[in-house]
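Working notes for the structure below.
Residue numbers (my numbering): 1065 to 1210.
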């Protein structure tokens, strides 16, 4: 009998920890409007020292893989480098996330015919008004239909 096939998240984590890039599918809504559920994410392993605020990271939160934006990094003398992250569709900052839980940086997003790099200069420039508009529209929708 063949051994059971490991879940896709475990395979992605093993590949990234081995230094190989992976492509995985987004499932949650915490990164809307930049990343919608069903979007394909190109993830590359990156050393923790190269990560900077604004990067979209893939990390293991203890139970699952999560993609959130790096808000702040802190060098703690006792616990090493720590990261604080936030979903674009969330108000609260999560963390600290230890460096060994970081698997990689989202280098590309593909949703249908749309492809982009989250680190590109036009995304960094256009994203704040897009995020504001998305949140404003969501508030109006809640006020009208809830």
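Ideal Cβ placement from N, Cα and C applies to all residues, glycine included.
Unbroken alpha helix (DSSP H) run spanning residue i, endpoints
i: residue 1114; result: Looking at the DSSP string, residue 1114 is not in any alpha helix (DSSP H), and its letter there is neither H nor E.
Neighbourhood of residue i by C-beta distance below 6 Å, restricted to the same chain and skipping five residues each side
i: residue 1116; result: none
i: residue 1151; result: 1094, 1095, 1132
i: residue 1154; result: 1094
i: residue 1157; result: 1135, 1148, 1150
i: residue 1138; result: 1146
i: residue 1088; result: 1076, 1105
i: residue 1198; result: 1097
i: residue 1171; result: 1106, 1108
i: residue 1181; result: 1172
Coarse secondary structure for residue i, derived from DSSP in three states
i: residue 1078; result: helix
Cβ neighbours of residue i in the same chain (closer than 8 Å, five flanking residues each side left out)
i: residue 1101; result: 1090, 1091, 1092, 1093
i: residue 1129; result: 1073, 1076, 1077, 1088, 1122, 1123, 1167
Start-to-end residues for the beta strand (DSSP E) that takes in residue i
i: residue 1122; result: 1120–1124
i: residue 1086; result: 1086–1089
i: residue 1107; result: 1104–1108
Cβ neighbours of residue i in the same chain (closer than 7 Å, five flanking residues each side left out)
i: residue 1086; result: 1076, 1079, 1080, 1107
4-residue-minimum alpha helix (DSSP H) runs that sit fully inside the stretch 1128–1209, ordered along the chain: 1185–1209
Validate contact between the stretch 1098–1110 and the stretch 1071–1081 using beta carbons, cut 8 Å, 3 pairs: yes
Three CB pairs or more closer than 8 Å across the stretch 1126–1145 and the stretch 1190–1200: no
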